[in-house]
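Just below is one structure, and these are the notes that go with it.
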Amino acid sequence: MFFYLAAVWTICGFSQEREKATQLSDQYIYKGNAIVGESFVAAEKNYRMALSEMPSNIKGAYNLGHAYYTAELYDEALARLNAAAKSGSKVEKHRAYHNIGNALMQRKQCKKAVEAFKNALRNNPSDDESRYNLALAQECAKEEGGGGEDKDNQKDKDNKKDSDKKQDQEDKNKEENDSDKASADDGDEKKENGKPKDKSGDKNDDNNKKPEQQPGKLSKQQIKSLLEAMNNEEKKVQEKMNAIKEKGIKVQTEKDW
Numbered sequence: 017m018f019f020y021l022a023a024v025w026t027i028c029g030f031s032q033e034r035e036k037a038t039q040l041s042d043q044y045i046y047k048g049n050a051i052v053g054e055s056f057v058a059a060e061k062n063y064r065m066a067l068s069e070m071p072s073n074i075k076g077a078y079n080l081g082h083a084y085y086t087a088e089l090y091d092e093a094l095a096r097l098n099a100a101a102k103s104g105s106k107v108e109k110h111r112a113y114h115n116i117g118n119a120l121m122q123r124k125q126c127k128k129a130v131e132a133f134k135n136a137l138r139n140n141p142s143d144d145e146s147r148y149n150l151a152l153a154q155e156c157a158k159e160e161g162g163g164g165e166d167k168d169n170q171k172d173k174d175n176k177k178d179s180d181k182k183q184d185q186e187d188k189n190k191e192e193n194d195s196d197k198a199s200a201d202d203g204d205e206k207k208e209n210g211k212p213k214d215k216s217g218d219k220n221d222d223n224n225k226k227p228e229q230q231p232g233k234l235s236k237q238q239i240k241s242l243l244e245a246m247n248n249e250e251k252k253v254q255e256k257m258n259a260i261k262e263k264g265i266k267v268q269t270e271k272d273w
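In this text, residue positions in the sequence shown follow my numbering: the first is 17, and each later residue adds one.
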């Protein structure tokens, strides 16, 4: 018997606290409604206090969302109105979905607005205003193309297109740089392979090899030919030096910094 009475008292106490919270929450809503046209900040504060006392108060969520919509704070409005649309009566859901559609239209999200107005009409098929707004949203969706793709998705596509274009340009630049580098390497290789050999060096090598290959076996004629070849090369070198002196070499008079 004692446990039964304790349970009854607990239930009664909880009910009284809930009723008190509901009444206090409604009072904040009434205060917000009374001043929403004069001071958005003060009204918002009262609506928030109402939800603080009773988070499940649908009227508080709806009125706060409606206040945000009037202040053109559409993201905040959508958050509160979606919360109000998840529960409550058909009348409350109809109002919430109707304003959700209006907020989405303001954000140019016509496809989502179409679905919102359809949900509004599901909860109140006789509302001509919701039906009219639905027609406007459907027309907006057709004009946008692609079944009414919303503005955010279009922005993502544009950003991806710009990113792809930038990547293509970077790849193209890299290919051009690689091609230029390859061409330069080929040119250096050809230049190295095609560099004329110093004839005098070759002859000197040949002349130097002969004594090594046949030490002490050179004939007088071979020695004479070797000396003549060396004299000829020395004359060529001397002629080149004289030509350079006659032509003159430009002297740099300023220092490079």
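Positions of the beta carbon are idealized from the N, C-alpha and C atoms, including for glycine.
The structure presented is a predicted model; accordingly, all values stated were derived computationally and were not measured.
Membership of residue 144 in the alpha helix (DSSP H) is indicated by the continuous run 144-160. Residue 62: member of the alpha helix (DSSP H) spanning 56-69, first to last residue. Measuring C-alpha to C-alpha distances from residue 94 to each of 105, 104 and 82 identifies 82 as the nearest. Distance from the Cα of residue 105 is smallest, within the candidate group 153, 71 and 140, for 140. In the displayed model, residue 105 falls within coil according to three-state DSSP, outside both helix and strand. Spatial neighbours of residue 123 in its own chain (CB-CB distance under 6 Å, excluding positions within 5 residues in sequence) are listed in chain order as 90. DSSP places residue 88 in the coil class of the three-state scheme, outside both helix and strand.
Sorting 55, 44, 92 and 53 by C-alpha distance to the C-alpha of residue 67 places 44 at the top. If you look at residue 130, you'll find it in the alpha helix (DSSP H) that goes 126-139.
DSSP places residue 81 within a helical segment (H, G or I) once states are collapsed to three. Take residue 120, set aside five residues on each side of it, and the residues of its chain with a beta-carbon closer than 7 Å to its own are 128, 129 and 132, in chain order. Take residue 51, set aside five residues on each side of it, and the residues of its chain with a beta-carbon closer than 6 Å to its own are 58 and 59, in chain order. In the displayed model, residue 73 falls within coil according to three-state DSSP, outside both helix and strand. Excluding residues up to 5 positions away in sequence, 129, 132, 133, 136, 149 and 153 lie with their Cβ nearer than 7 Å to the Cβ of residue 117 in the same chain.
Contact between residue 69 and residue 41 holds: CB atoms are separated by about 4 Å, below the 8 Å threshold.
In this model, residue 96 and residue 107 are separated by some 16 Å (Cα to Cα). Between residue 36 and the set 251, 236, 161 and 73, the nearest pair of CA atoms involves 73.
When secondary structure is reduced to three states using DSSP, residue 241 falls in the helix class. The C-beta of residue 77 has 16 or more other C-beta atoms within 10 Å across all chains shown, which makes the residue buried.
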